[in-house]
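J.:
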Amino acid sequence: MKVAYQKFGAFTQMDQLMHSVKKQYEKAHPGWTVQLEPIQADENSYYTKLDLMSRSASTAPDVLYEDTFLVNADISAGYLAPIDNYLSKWKDWSQFTPTAKTAGKGQDGKTYGVPMGTDTRGLWYNKQLFQKAGLPTNWQPKNWNDVLTAARAIKQKVPGVVPFNIYSGKAAGEAATMQGFEMLLYGTQNQLWDPKSKKWIVSSPGMKDAMNFLNTVFSEKLGPNPQDALDPQWGTKVSTQLLPTSKLAIDLDGSWLTGTWKKSGTKPWPQYTKVMGATAMPTEHGQAPGKTSMSGGWLLSVGSKSAHKDQAFQLISLALNRQNTLTYDNLASQIAERKDVANDPKYKNSDPFTSFFTGLVKYTHFRPAYSTYPQVSDAIQQAMEAVMTGQASPGAAVSQFGSNVKSAVGPDKTTTSS
Amino acid sequence: MSATDVVARPTGTPAGRPARSHQRGPGIAQKLLPLVPAVVLLLLFFAGPVIWSLYTAFTNEALSGVGAGATRFIGLGNFRRMFSDPAFLSSVVRTVVFVIGSAVIGQNCLGLLIAMLLRGRSRAVQSAVSLVVVGAWVMPEIVAAFCWYAYLNRTGSLNSWLGHIGFHQDWLYTAPMFGVILANVWRGTAFSMMVYSAALSDISPDVEEAASIDGASGWKRLWLVTLPMIRRSIMTNLMLITLQTLAVFTTIYVLTGGGPGTKSQTTPIYMYEQAFKFYNLGYGTAMALILLIVGALFSLVYLRFLNVDEK
Numbered sequence: 001m002k003v004a005y006q007k008f009g010a011f012t013q014m015d016q017l018m019h020s021v022k023k024q025y026e027k028a029h030p031g032w033t034v035q036l037e038p039i040q041a042d043e044n045s046y047y048t049k050l051d052l053m054s055r056s057a058s059t060a061p062d063v064l065y066e067d068t069f070l071v072n073a074d075i076s077a078g079y080l081a082p083i084d085n086y087l088s089k090w091k092d093w094s095q096f097t098p099t100a101k102t103a104g105k106g107q108d109g110k111t112y113g114v115p116m117g118t119d120t121r122g123l124w125y126n127k128q129l130f131q132k133a134g135l136p137t138n139w140q141p142k143n144w145n146d147v148l149t150a151a152r153a154i155k156q157k158v159p160g161v162v163p164f165n166i167y168s169g170k171a172a173g174e175a176a177t178m179q180g181f182e183m184l185l186y187g188t189q190n191q192l193w194d195p196k197s198k199k200w201i202v203s204s205p206g207m208k209d210a211m212n213f214l215n216t217v218f219s220e221k222l223g224p225n226p227q228d229a230l231d232p233q234w235g236t237k238v239s240t241q242l243l244p245t246s247k248l249a250i251d252l253d254g255s256w257l258t259g260t261w262k263k264s265g266t267k268p269w270p271q272y273t274k275v276m277g278a279t280a281m282p283t284e285h286g287q288a289p290g291k292t293s294m295s296g297g298w299l300l301s302v303g304s305k306s307a308h309k310d311q312a313f314q315l316i317s318l319a320l321n322r323q324n325t326l327t328y329d330n331l332a333s334q335i336a337e338r339k340d341v342a343n344d345p346k347y348k349n350s351d352p353f354t355s356f357f358t359g360l361v362k363y364t365h366f367r368p369a370y371s372t373y374p375q376v377s378d379a380i381q382q383a384m385e386a387v388m389t390g391q392a393s394p395g396a397a398v399s400q401f402g403s404n405v406k407s408a409v410g411p412d413k414t415t416t417s418s
Numbered sequence: 001m002s003a004t005d006v007v008a009r010p011t012g013t014p015a016g017r018p019a020r021s022h023q024r025g026p027g028i029a030q031k032l033l034p035l036v037p038a039v040v041l042l043l044l045f046f047a048g049p050v051i052w053s054l055y056t057a058f059t060n061e062a063l064s065g066v067g068a069g070a071t072r073f074i075g076l077g078n079f080r081r082m083f084s085d086p087a088f089l090s091s092v093v094r095t096v097v098f099v100i101g102s103a104v105i106g107q108n109c110l111g112l113l114i115a116m117l118l119r120g121r122s123r124a125v126q127s128a129v130s131l132v133v134v135g136a137w138v139m140p141e142i143v144a145a146f147c148w149y150a151y152l153n154r155t156g157s158l159n160s161w162l163g164h165i166g167f168h169q170d171w172l173y174t175a176p177m178f179g180v181i182l183a184n185v186w187r188g189t190a191f192s193m194m195v196y197s198a199a200l201s202d203i204s205p206d207v208e209e210a211a212s213i214d215g216a217s218g219w220k221r222l223w224l225v226t227l228p229m230i231r232r233s234i235m236t237n238l239m240l241i242t243l244q245t246l247a248v249f250t251t252i253y254v255l256t257g258g259g260p261g262t263k264s265q266t267t268p269i270y271m272y273e274q275a276f277k278f279y280n281l282g283y284g285t286a287m288a289l290i291l292l293i294v295g296a297l298f299s300l301v302y303l304r305f306l307n308v309d310e311k
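These protein sequences, in sequence, are chains A and B. According to the numbering used here, the first sequence is numbered sequentially starting from 1. According to the numbering used here, the second sequence is numbered sequentially starting from 1.
1. Listing by chain order, which chain A residues have their CB less than 9 Å from the CB of B:Tyr173?
2. Using a Cβ-Cβ cutoff of less than 8 Å, which residues in the same chain neighbour B:Arg187 once the five nearest sequence positions on both sides are dropped?
3. Name the chain B residues whose beta carbon is nearer than 7 Å to that of A:Ser76?
4. Could you name the residues of the segment 121–153 of chain B whose beta carbon sits closer than 7 Å to any beta carbon of chain A, in the order they occur along the chain?
5. Residue range of the alpha helix (DSSP H) that A:Glu43 falls in?
6. Taking Cβ-Cβ distances shorter than 8 Å, what residues in chain A pair up with B:Phe278?
7. Run through DSSP, which three-state label would A:Ala4 get?
8. With DSSP as the reference, label A:Arg338 as helix, strand or coil.
9. Please report the distance separating the alpha-carbon of B:Glu61 from that of B:Ala68.
10. Which partner residues of A:Gln128 appear in the DSSP bridge assignment?
11. Between the Cα of A:Ser295 and the Cα atoms of A:Gly134, A:Asp67, A:Lys132, A:Ala171, which residue gives the shortest distance?
12. Would B:Val125 be called buried (16 or more neighbouring beta carbons within 10 Å of its own) or exposed?
13. Considering only their Cβ atoms, is the gap separating A:Leu242 from A:Leu248 smaller than 8 Å?
14. Going by the DSSP bridge assignment, what does B:Phe73 pair with across the sheet?
15. If we ignore side chains and look at the alpha-carbon of each, how far apart do A:Leu464 and A:Gly109 end up?
16. Measuring CA to CA, which of B:Phe305, B:Ala296, B:Arg304, B:Tyr279 is closest to B:Thr56?
17. Beta carbon of A:Met18, beta carbon of A:Leu123: below 8 Å?
18. Give the residues from the segment 260–288 of chain B that approach chain A closer than 7 Å (Cβ to any Cβ), ordered along the chain.
19. Please tell me whether A:Asp42 has its Cβ less than 8 Å away from any Cβ of chain B.
20. Hey, A:Lys199 and A:Thr414: beta-carbon distance below 8 Å or not?
21. Might you give, ordered along the chain, the residues of its own chain that have their beta carbon closer than 8 Å to the beta carbon of A:Arg152, omitting 5 neighbours on each side?
22. Measure from the alpha carbon of A:His285 to the alpha carbon of each residue in A:Asn404, A:Asp228, A:Leu185, then state which is nearest.
23. Could you check the C-alpha separation between A:Phe96 and A:Thr33 for me, to the nearest Å?
24. Does DSSP classify A:Ser58 as helix, strand or coil?
25. Could you work out which residues of chain B lie near A:Glu385, taking near to mean beta carbons separated by less than 8 Å?
26. My output table needs one value for B:Val50: the three-state DSSP class, helix, strand or coil.
27. Where A:Asn324 and A:Ala57 are concerned, what is the direct C-alpha to C-alpha distance, given to the nearest angstrom?
28. Just the C-alpha distance for B:Gly156 and B:Phe167, rounded to the nearest angstrom, thanks.
29. Out of A:Ala396, A:Asn143, A:Val405, A:Ala383, which has the shortest C-alpha to C-alpha gap to A:Ala171?
30. For A:His365, which three-state DSSP category applies?
31. Can you check whether the C-beta of A:Thr48 is within less than 8 Å of a C-beta belonging to chain B?
32. What separation, rounded to the nearest whole angstrom, lies between the Cα atoms of B:Ala29 and B:Leu42?
33. From the beta carbon of A:Ser20, is the nearest beta carbon of chain B less than 8 Å away?
34. For a contact meaning CB atoms closer than 9 Å, what does B:Arg80 contact in chain A?
35. Does DSSP put A:Ile201 in a helix, a strand or coil?
36. May I have the straight-line CA-CA distance separating B:Ser21 from B:Ala38, to the nearest angstrom?
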C-alpha cells in the first residue's frame with residue numbers, strides 16, 4: 001500500500017508520523033506492507049507531483065496527503081474516492097468538529113478526506129527587538145497602520161534587522177497568497193469570492209488597499225529585500241534562521257511555526273517561549289470584529305485508483321486516531337479538530353501559543369476551495385510580485401490581476417465589488 | 001550537408017552504415033538491420049509523446065480539475081486563447097530576444113572569433129583554449145546554471161570581487177535577460193567554436209594567400225572570401241544553436257525562475273508554468289507547437305539570408 005505525502009525544508013513532522021503509523025499498521029495487519037513515498041518538493045511542486053502520480057493507476061497512491069483547497073480540483077479530476085461508507089462506521093468520526101467534517105466535503109456532498117488538524121495565522125514578533133525599539137512587549141496592533149508604525153520604529157531604531165516579513169511573490173507560492181495577501185484582504189470589507197453570484201471578485205477597494213499596504217512595506221523598505229524574499233527557500237530561512245537569531249522583528253505567519261522550534265523540530269530553539277510573542281492580525285481600520293485570520297489544513301484521502309480502499313481507510317483511521325492525532329498536532333503545532341484531542345491537557349499545555357492560535361478560530365476565514373483557485377492564487381502572487389519589485393503600481397497590479405483571472409477562469413466567472 | 005558531417009555530436013543518433021563484415025553486396029535488409037534498434041527506441045520514447053502532445057494541444061487536458069476528469073477536444077481553443085494572452089505574446093518576444101542575443105550574436109560570433117584566433121596557433125594554445133571552452137559545454141546544464149547563479153547573485157563571487165574596486169551589480173534582478181543571455185553564451189559557445197574550427201581548417205591557405213596578393217585587406221578577406229566559403233557551416237550552426245536555445249529551460253529557471261515578475265519569462269518557462277503550476281497541460285503543449293513554428297521561421301530566415309542553395 002502506497003502513502004504519498006510532503007517532506008520539505010522544516011516540515012518533517014508528517015514524515016515522523018507516517019513512519020510511526022507504518023510500524024503500527026504493519027504490526028496490526030501482518031502481511032501488509034506500507035510503502036512510504038515522501039515527496040521532497042516545495043508546495044507547488046508537491047501538488048504537481050502528486051497529481052502526476054494520481055493520473056495513472058500504476059503510480060497512483062492509495063493514501064494521499066491533500067491540501068483542503070485542492071480537494072475540489074482533485075475530486076473533479078477523479079483522483080479521490082468518497083469515504084462516506086467508511087466514515088459512517090468509524091466511531092471516532094463523531095469526535096470531529098462540524099467545521100472539520102466539512103473540510104473534505106466535495107460539491108457533490110460526499111466526503112473525501114479526514115482532516116489532520118487546522119491552522120490559523122497571525123503576527124509573530126520578537127519581544128527583545130521590540131524592547132530595543134521602545135515598543136510594548138505585549139503588542140496589540142489595532143489596525144494596519146499600527147503594524148506599519150511598529151515596523152517603521154524597528155527600522156529606525158534597530159538597524160540590521162528585517163522589520164516586517166510578509167510573504168509575497170511567486171517563489172513563496174501559496175504562502176504569499178494566504179499568509180500575505182488574504183490576511184490583508186479578509187481584514188477589509190471585501191473578499192475574494194462572491195458566494196451569491198458564484199464569481200471571483202477581481203477588483204475591489206479592499207484589494208487595492210491590500211496592494212497599497214504591500215507597496216508601502218516594500219517601497220519604505222520595511223520588508224525583506226525583494227531579492228531575498230523571492231528565493232524559494234525564504235520560508236525555511238525565516239523560521240530556521242532569521243527568527244531564531246533575532247534578525248526579523250515582525251512576521252506575518254502561521255500557527256505552526258513553533259513546530260520547527262520544538263525539540264523534535266528541524267531548528268530546536270527552546271528560548272522561543274520567552275523571545276517570541278504572538279498577536280492577532282488586525283482588520284484594516286480596526287473595524288469589527290477587530291481581528292482576522294485565515295485557516296487551511298490538510299486531509300488524508302483515499303485514492304480513487306487504489307486497489308485496496310478498505311486497507312487505505314484503515315490506515316487513515318489509524319493515523320488519525322486520538323493518540324496519533326494528539327502526537328501529530330503537538331509535533332507540527334496544528335490546531336486540533338478532534339474534540340477529545342482539543343480537550344486533552346497534553347494538547348493544551350503542549351505549547352504556550354496553542355490557546356492563542358486556537359482562539360483565532362473565531363475570526364478565521366477559509367479559502368474558496370474551487371478548482372480554479374490555484375490559478376487565481378497564482379495571479380495574486382504575480383500581482384504581489386509586480387508590486388513588491390516596483391514593476392507595477394498597486395492600481396496597475398489589480399487591473400493586471402483582473403485580466404489574468406479573466407483569461408484563466410473565463411470572463412463570465414468574475415465580477416467586481418465596490 | 002548534415003550536422004554530423006561538420007562535427008560529431010555525442011547526442012546524435014547513430015547513422016546507418018553498412019555492416020563491416022559484409023562489405024561485398026549486402027542485401028537491403030542487412031543494410032537496414034543496424035538501424036532497427038535506433039528506430040525502435042525513437043518510436044518507443046519519442047513517437048508516443050510527440051503524437052500525444054500533438055493531440056493534447058487541441059484538448060483541455062489538465063493535471064487536476066475538470067480537464068483531468070473529462071478531457072475533451074476543444075479544437076483551436078488553446079491557440080485562440082494564446083493569441084489573446086499578453087503574457088504569452090511577451091514571452092515569445094523575450095524568447096526571440098534570448099535566441100538572437102545568446103545564440104545568433106553571442107555563441108555564433110564568439111565561436112567564430114575564437115575559431116579564427118586559434119587558426120595557426122601552436123598546439124598547446126589550441127588545446128588549452130579548447131579545454132576551457134569545451135569544459136563549459138560538457139558541464140550539465142543544471143551545474144552550469146548553479147555556477148552562474150553563484151557568480152552573479154547579489155552576494156555572489158562577481159560582487160565580492162567588484163566590491164574591492166567599488167562596483168556592484170545585481171543583474172539577475174535589474175537586468176535578468178542580460179544575465180541569462182550571458183550564462184547561455186558562456187555555456188554554448190564551444191559548439192559554434194568546434195563547428196567553425198572544422199570549417200576553417202577546410203579552407204586551403206592558398207585561397208587566402210591569393211586574395212591577399214590581389215590586395216584584399218584583412219576585413220575584406222574575411223567578408224568576401226572566408227565567410228562565403230564557410231557559409232554552409234554557418235547555416236548549419238545557426239540552425240542547430242537556434243533550436244537548442246529556443247528550448248533552453250534549466251538555465252533560466254535556475255538563474256531567475258523567469259522573474260523578477262515576468263522580466264525573464266521566456267516561452268519554455270511560461271509553458272512549464274501553465275502546464276505544471278496551473279495544471280493546463282493542453283495549453284502548455286499548444287505553446288510547444290508554436291515554439292516549433294518559431295524555430296521553423298528562424299530557419300527560413302537563415303536559408304534566405306545565407307543563399308545556401310545558390311550555386
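Beta carbons are placed, not taken as given, at the ideal position from N, Cα and C, and that holds for glycine.
T.: According to the data block:
1. The sequence position of residue 173 of chain B within the second sequence is 173, counting from 1. Within chain A, the residues near B:Tyr173 are Pro226, Gln227, Leu230, Thr389.
2. Residue 187 of chain B sits at position 187 when you count from the first residue of the second sequence. A distance below 8 Å between beta-carbons, with the five flanking residues on each side excluded, links B:Arg187 to the following residues of its chain, in chain order: Ala136, Trp137, Met139, Glu141, Ala144, Thr251.
3. Along the first sequence, one-based indexing puts residue 76 of chain A at 76. The contacting residues are Gly65, Val66, Gly69.
4. Against chain A - using a Cβ distance shorter than 7 Å - the segment 121–153 of chain B contributes no residues.
5. Locating residue 43 of chain A in the first sequence gives position 43, where the first residue counts as 1. Here the alpha helix (DSSP H) through A:Glu43 covers 43–55.
6. Numbered from its first residue, the second sequence carries residue 278 of chain B at position 278. Per Cβ cutoff of 8 Å: Pro374, Gln375, Asp378, Ala408.
7. As a first step, residue 4 of chain A must be located in the first sequence, where it is residue number 4. In this structure, DSSP gives A:Ala4 an extended state, which the three-state scheme calls strand.
8. Counting from one through the first sequence, the residue named residue 338 of chain A turns up at place 338. In the three-state reduction of the DSSP assignment, A:Arg338 falls in the strand class.
9. What you label residue 61 of chain B is simply residue 61 of the second sequence in a count that begins at 1. What you label residue 68 of chain B is simply residue 68 of the second sequence in a count that begins at 1. One C-alpha to the other measures close to 6 Å.
10. The count along the first sequence starts at 1 and reaches residue 128 of chain A at position 128. For A:Gln128, DSSP assigns no beta-bridge partner whatsoever.
11. For the purposes of this step, residue 295 of chain A is taken as the residue at position 295 of the first sequence. A check of alpha carbon separations from A:Ser295 across A:Gly134, A:Asp67, A:Lys132, A:Ala171 identifies A:Asp67 as the nearest.
12. Working through the second sequence from its first residue, we reach residue 125 of chain B at position 125. In the assembly as shown, B:Val125 is an exposed residue. Its beta-carbon has fewer than 16 other beta-carbons within 10 Å.
13. Reading the first sequence from its first residue, position 248 is the one you call residue 248 of chain A. Reading the first sequence from its first residue, position 242 is the one you call residue 242 of chain A. Against a cut-off of 8 Å, the Cβ pair of A:Leu242 and A:Leu248 comes out as a contact.
14. Counting from 1 along the second sequence, the entry for residue 73 of chain B is found at position 73. B:Phe73 is bridged to B:Thr59.
15. The requested residue 464 of chain A is not part of the displayed model; chain A covers only 1 to 418.
16. Start at 1 with the first residue of the second sequence, and residue 56 of chain B comes out as number 56. Taking only the C-alpha atoms, the option nearest B:Thr56 is B:Tyr279.
17. Position 18 of the first sequence, counted from the first residue, corresponds to residue 18 of chain A. Position 123 of the first sequence, counted from the first residue, corresponds to residue 123 of chain A. Taking 8 Å as the cut-off, the Cβ atoms of A:Met18 and A:Leu123 do not count as close.
18. Within the segment 260–288 of chain B, contact with chain A at the beta-carbon level (separation under 7 Å) is assigned to Pro260, Gly261, Phe276, Lys277, Phe278, Tyr279.
19. Taking the first sequence and counting its residues from 1, the one referred to as residue 42 of chain A is at position 42. So, not an interface residue.
20. In the first sequence, the residue the question calls residue 199 of chain A occupies position 199. In the first sequence, the residue the question calls residue 414 of chain A occupies position 414. Yes; because the gap between Cβ atoms is below 8 Å, this pair is in contact.
21. For the purposes of this step, residue 152 of chain A is identified with residue 152 of the first sequence, where counting begins at 1. These residues qualify, in order along the chain: Pro163, Glu220, Leu222.
22. Taking the first sequence and counting its residues from 1, the one referred to as residue 285 of chain A is at position 285. For A:His285, the nearest C-alpha among the options comes from A:Leu185.
23. Counted from its first residue, the first sequence places residue 96 of chain A at position 96. Counted from its first residue, the first sequence places residue 33 of chain A at position 33. Here the alpha carbon of A:Phe96 sits roughly 29 Å from the alpha carbon of A:Thr33.
24. Here residue 58 of chain A refers to the residue found at position 58 when the first sequence is read from its first residue. Secondary structure at A:Ser58: coil, using DSSP grouped into helix, strand and coil.
25. As a working note, residue 385 of chain A is residue 385 in the first sequence. What A:Glu385 touches in chain B, judged by beta-carbon distance under 8 Å, is Gly259, Pro260, Gly261, going in chain order.
26. Within the second sequence, residue 50 of chain B is the residue found at index 50, counting from 1. Assigned with DSSP and collapsed to three states, B:Val50 falls in helix.
27. Position 324 of the first sequence holds residue 324 of chain A. Position 57 of the first sequence holds residue 57 of chain A. Approximately 29 Å, taken between the alpha carbons.
28. Taking the first residue of the second sequence as 1, we reach residue 156 of chain B at position 156. Taking the first residue of the second sequence as 1, we reach residue 167 of chain B at position 167. Cα to Cα, B:Gly156 sits roughly 13 Å from B:Phe167.
29. To locate residue 171 of chain A, count along the first sequence from 1; it is residue 171. Of all alpha-carbon atoms in A:Ala396, A:Asn143, A:Val405, A:Ala383, the one lying nearest the alpha-carbon of A:Ala171 is that of A:Ala383.
30. In the first sequence, the residue the question calls residue 365 of chain A occupies position 365. Strand at A:His365.
31. Position 48 of the first sequence, counting from 1, holds the residue named residue 48 of chain A. Output row for A:Thr48: interface = yes.
32. Translated into the one-based positions of the second sequence, residue 29 of chain B becomes position 29. Translated into the one-based positions of the second sequence, residue 42 of chain B becomes position 42. Pairing B:Ala29 with B:Leu42, the inter-Cα distance amounts to about 19 Å.
33. By one-based count along the first sequence, residue 20 of chain A stands at place 20. Answer no: the Cβ-Cβ gap between A:Ser20 and chain B never drops below 8 Å.
34. For the purposes of this step, residue 80 of chain B is taken as residue 80 along the second sequence, with counting starting at 1. At a beta-carbon threshold of 9 Å, none of the residues of chain A lie near B:Arg80; the nearest stands roughly 11 Å away.
35. If you number the first sequence from 1, residue 201 of chain A lands on position 201. Secondary structure at A:Ile201: strand, using DSSP grouped into helix, strand and coil.
36. Along the second sequence, read from residue 1 onward, the residue named residue 21 of chain B stands at position 21. Along the second sequence, read from residue 1 onward, the residue named residue 38 of chain B stands at position 38. Bear in mind that a pLDDT of 46 at B:Ser21, under 50, signals an unreliable position, so the model cannot answer this.
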